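Sequence order for the protein chains is A and B.
Counting with our numbering, you get residues 1 to 109 for the letters of the first sequence.
Counting with our numbering, you get residues 1001 to 1503 for the letters of the second sequence.
Built from N, CA and C at the ideal position, the CB exists for glycine as well.
Given the structure is predicted, the values throughout are model-derived calculations rather than measurements.
The next block holds one structure in the form of structure tokens; read it before the comments.
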Amino acid sequence: MSGPLLFWLAGSALIGLGVYGITVNRHPLRKLLALNLLGSGVFLLFGVIARRGAAAGLGGDPVPQALVITGIVVAFSATAIAIALLSQLQSKAGRTSLDDEPPDEEDRS
Amino acid sequence: MMPLQSLAAAAPTPDGYLLVLAIILPATAIVALVGLGGRGAAGIVLATLAAQLIIAIRVLSLVWQSGAPVVYVIGGWDPPLGIALRADGISAVMMLTSAVIFSAAAAFAWKDYRPPRWSPETRGSLVFWSALLAMASALNTLFTSADLFNLYVALELLTFAAIPVVSLKGSAETLRAALRYLIFAVFGSMLYLLGIVLLYGAYGTLDVSSLAELIRPNAATLVAAALVTVGLLAKTALFPFHLWLPPAHAGAPAAGSAVLSALVVKGSLFLLMRLWFDTFPSLRDPAAMQILAALGAAAVIVGSVMAIRQARLKLLVAYSTVAQIGYMFFVFTLVPVLPGESWIAASAWTGGWLQIVSHAFAKAAMFLAAGLVAEALGHDRIRDLAGLGKQLPLIVLTFAMSGISLMGLPPSGGFSAKFMLLVAATAEGHWLWATVIIGGGLLAGIYIFGVLARMLAAMPDGTAVAEIGRGRQLITFALAGVALLLGFLPLEPMALLQIGRMP
Chain A
1 MSGPLLFWLA GSALIGLGVY GITVNRHPLR KLLALNLLGS GVFLLFGVIA RRGAAAGLGG
61 DPVPQALVIT GIVVAFSATA IAIALLSQLQ SKAGRTSLDD EPPDEEDRS
Chain B
1001 MMPLQSLAAA APTPDGYLLV LAIILPATAI VALVGLGGRG AAGIVLATLA AQLIIAIRVL
1061 SLVWQSGAPV VYVIGGWDPP LGIALRADGI SAVMMLTSAV IFSAAAAFAW KDYRPPRWSP
1121 ETRGSLVFWS ALLAMASALN TLFTSADLFN LYVALELLTF AAIPVVSLKG SAETLRAALR
1181 YLIFAVFGSM LYLLGIVLLY GAYGTLDVSS LAELIRPNAA TLVAAALVTV GLLAKTALFP
1241 FHLWLPPAHA GAPAAGSAVL SALVVKGSLF LLMRLWFDTF PSLRDPAAMQ ILAALGAAAV
1301 IVGSVMAIRQ ARLKLLVAYS TVAQIGYMFF VFTLVPVLPG ESWIAASAWT GGWLQIVSHA
1361 FAKAAMFLAA GLVAEALGHD RIRDLAGLGK QLPLIVLTFA MSGISLMGLP PSGGFSAKFM
1421 LLVAATAEGH WLWATVIIGG GLLAGIYIFG VLARMLAAMP DGTAVAEIGR GRQLITFALA
1481 GVALLLGFLP LEPMALLQIG RMP
């Protein structure tokens, strides 16, 4: 099996796991981890594309590598925001479920 | 990598620097805001939004006069390696719409978020103004970028700027709404990014106009197009991805809700229209486009029925956004795939954009009005709105005016938009979609008149109504007025919206 093919399959597997995880898990932290798995899969595919698209004599096409760095930064920021929201939610509500609480007349603004 | 011959679309125009300013000015202002603290906010925000308006008007008049897009090639690096900024007719219209609504929202939020001169500044106000400017910058990037990856970055900036606005109140309810929004949005952008990587692998470029020439309907391209589309649908909150929208938009402060509902959801929709009509026109399989229209129809019906069932005004207005977004998806099927009856295509195209713009104004006005109602009464329970017509007649009038546009009654932008979509639907024999367009108007009538009937009922004894300043009422009224005035535009396809279209 060639290198790019192996990484292509690994990336696809990660993407599949990520989509499955987001769909099936109810807890936001698990959803977040699944999102990161999905992201890693996509970033791996960027690497594969860079390798495949390289001109003769070059190790890789630099453009996808430049793109993937931005992608990683974006995914990192998204994760950071989500964690911040989660920890706020934990301290406000005492739990981090996304399910709505039973209607509480006082909480309504 | 494939050779790229014709890149005429990316020749820079003399005034292209305006597009850079439209993006970089608000971004710089955020840095200044953080540096100088919330107390400098007043001057900075005012100056930036005024500059935004001037730039948007200038870009629109340039595009209008020259009949060609305004283009800037960043750093002089030609696409496909470099990135081009390009404002065609639809970009210019959206830039102006967004500049006007941002200015109105900022003026509206002035009272709540302006830090008093001698009191310690609050973090809420700094966050609000930074997020507002960040959204303005991200939207301008989205409207002008001609590179799919740059568009991805713009989408993410927009989401990250919108999240703090949703959770600004900091209650558990809004934090939950923000988290749900973030998960949907990031999931959507990951799918978009996956589509992008497949496109780059197949064609070696992400420049919108180069791709349009290279693209062939093969398996890899179709999968990429499907991934990009589903990702953007999740961000646009089209049915069945609409679940995150109502709590997120209803939980934000009024000025934030107005911007989120009027502009931020349109960002990903704008990109979807740009992709399907400028980059993938050769992929537009009628059956696939019918799926988008069917989802749009489902959104119109589900959104309206849910709006009718709401007990709180802000949630009702938010569900109405779900419904109104649905209309915009009829454009995908109503603009014929084959260049045939060109007036039908032009009518559907104009109707779709007019729907986007008039919904932006009407919905901004309606959310601001709902915010004022909540402030005056201390709650927004629809069943307890009685007596408002006597106490705050201008707010009720504003609500009614924006409602007219959402229902699609003449004279209003909403009427012209829906009428043009209806004409295109009947001319092409899409009777089902024509029925949904009319039925959606009736359902909107039910929820709008339901609210108005409560507002105009006699005031029960012992209701306290807080004083609301005249200024904010007039801002809200003016936005609703624009939504109605758009109905006086001539009922014909507009040449401006065709400027710079690729095919």
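Neighbourhood of residue i by C-beta distance below 8 Å, restricted to the same chain and skipping five residues each side
i       : result
B/I975  : Because chain B is modelled from 1001 through 1503, residue 975 of chain B falls outside the range shown and cannot be assessed.
B/A1027 : L1133, A1134 and S1137
B/L1033 : G1040, A1041, I1044, V1045, L1126, W1129, S1130 and L1133
B/Y1017 : Y1072
6 Å CB neighbourhood of residue i in its chain, flanking five on each side removed
i       : result
A/G39   : A75
B/S1405 : S1358, A1362, S1412, G1413, G1414 and A1483
A/L89   : T96
B/S1347 : M1420, V1423, A1424 and P1493
B/L1060 : A1092 and L1096
A/A53   : According to the sequence shown, residue 53 of chain A is Gly rather than Ala. Excluding positions up to five away in sequence, the list reads D61.
B/A1008 : Only weak support exists for where B/A1008 lies, its pLDDT of 46 falling under 50; the coordinates are left without a value.
B/V1337 : R1284 and P1286
B/R1472 : F1108
B/P1503 : Because the pLDDT at B/P1503 is just 49, under 50, the model does not fix this residue reliably, and the point stays unresolved.
Sequence-distant residues of its chain with Cβ nearer than 7 Å to residue i (five each side left out)
i       : result
B/V1223 : L1198
B/A1162 : M1135, L1260 and V1264
B/A1252 : V1165, V1166, L1168 and L1260
B/P1003 : Low local confidence applies: a pLDDT of 39 at B/P1003 is under 50, so the model's placement there is unreliable, and no value is given.
B/I1446 : I1308
B/F1329 : L1238, L1292, A1293, L1295 and G1296
B/S1282 : I1215 and P1217
Segment limits, alpha helix (DSSP H) that includes residue i
i       : result
B/L1232 : A1219 to T1236
A/V48   : P28 to R52
B/G1351 : S1342 to L1377
B/K1314 : L1313 to M1328
B/I1395 : P1393 to M1407
B/N1150 : L1148 to V1166
B/I1054 : A1041 to S1066
B/K1169 : Segment: none, B/K1169 is in no alpha helix (DSSP H) and carries neither H nor E.
A/G166  : Only positions 1 to 109 of chain A appear in this structure, which leaves residue 166 of chain A out of reach.
B/P1253 : Run containing B/P1253: none; DSSP gives neither H nor E here.
B/F1419 : G1413 to A1427
Contact set between residue i and chain B, taken where Cβ atoms lie within less than 9 Å
i     : result
A/F7  : Result: empty, since nearest Cβ-Cβ is about 13 Å, beyond 9 Å.
A/V24 : None at all; the shortest Cβ gap to chain B is about 13 Å.
A/S77 : E1156 and F1160
Cross-chain neighbours of residue i in chain B, by beta carbon under 8 Å
i     : result
A/I15 : L1194
A/P64 : V1197 and Y1200
A/L35 : I1183, V1186, F1187 and M1190
Element boundaries [beta strand (DSSP E), containing residue i]
i       : result
B/R1086 : A1084 to A1087
B/V1070 : V1070 to V1073
Chain A residues whose Cβ lies nearer than 8 Å to that of residue i
i       : result
B/F1277 : Neighbours of B/F1277 on chain A: none; closest Cβ ~25 Å, over 8 Å.
B/L1179 : P28, A82, L85, L86, L89 and L98
B/S1528 : As displayed, chain B neither begins before 1001 nor continues past 1503, which places residue 1528 of chain B out of reach and without an answer.
B/V1208 : Neighbours of B/V1208 on chain A: none; closest Cβ ~16 Å, over 8 Å.
Listed by chain order, chain A residues near residue i by CB distance under 7 Å
i       : result
B/I1163 : I81
B/R1176 : L89 and L98
Contact belief for residue i with residue j at Cβ below 8 Å, rounded distance in angstroms
i       : j       : result
B/L1497 : B/W1353 : 5 Å
B/F1108 : B/I1395 : Not a contact, Cβ separation roughly 13 Å.
A/L44   : A/G11   : 4 Å
B/V1451 : B/L1313 : 7 Å
B/V1228 : B/Y1200 : 12 Å between Cβ atoms; not a contact.
B/T1013 : B/V1070 : 5 Å
B/A1434 : B/S1304 : No, B/A1434 and B/S1304 are not in contact; Cβ-Cβ is about 16 Å, not under 8 Å.
B/A1255 : B/L1368 : 7 Å
B/Q1290 : B/T1350 : Not quite, the Cβ-Cβ distance comes to about 21 Å (not below 8 Å), so this is no contact.
B/F1504 : B/A1105 : There is no way to answer for residue 1504 of chain B, as the model of chain B reaches only from 1001 to 1503.
B/A1099 : B/A1056 : 4 Å
Where residue i meets chain B, residues with beta-carbon distance less than 7 Å
i     : result
A/I49 : V1197, Y1200 and G1201
A/G39 : M1190
A/L67 : F1149
A/G71 : L1193
Practice task
Taking 8 Å as the threshold, find out whether the segment 1072 to 1088 of chain B comes into contact with the segment 1205 to 1212 of chain B through three or more Cβ pairs.
Solution key: The segment 1072 to 1088 of chain B is in contact with the segment 1205 to 1212 of chain B.
Exercise for the section: State whether the segment 1317 to 1328 of chain B contacts the segment 1265 to 1275 of chain B, with contact taken as three or more CB pairs (one from each stretch) at a distance under 8 Å. Expected result: yes
Practice task
Spell out a yes or no on whether the segment 1102 to 1115 of chain B and the segment 1172 to 1185 of chain B are touching, meaning 3 or more CB-CB pairs, one atom from each, closer than 8 Å.
Solution key: no
Problem - Touching by the beta-carbon criterion (3+ pairs, under 8 Å), the segment 1146 to 1154 of chain B and the segment 1177 to 1188 of chain B - result: The segment 1146 to 1154 of chain B, when compared against the segment 1177 to 1188 of chain B, does not touch it at the 8 Å Cβ threshold.
Handout entry: Validate contact between the segment 1457 to 1466 of chain B and the segment 1371 to 1391 of chain B using beta carbons, cut 8 Å, 3 pairs
Key = yes
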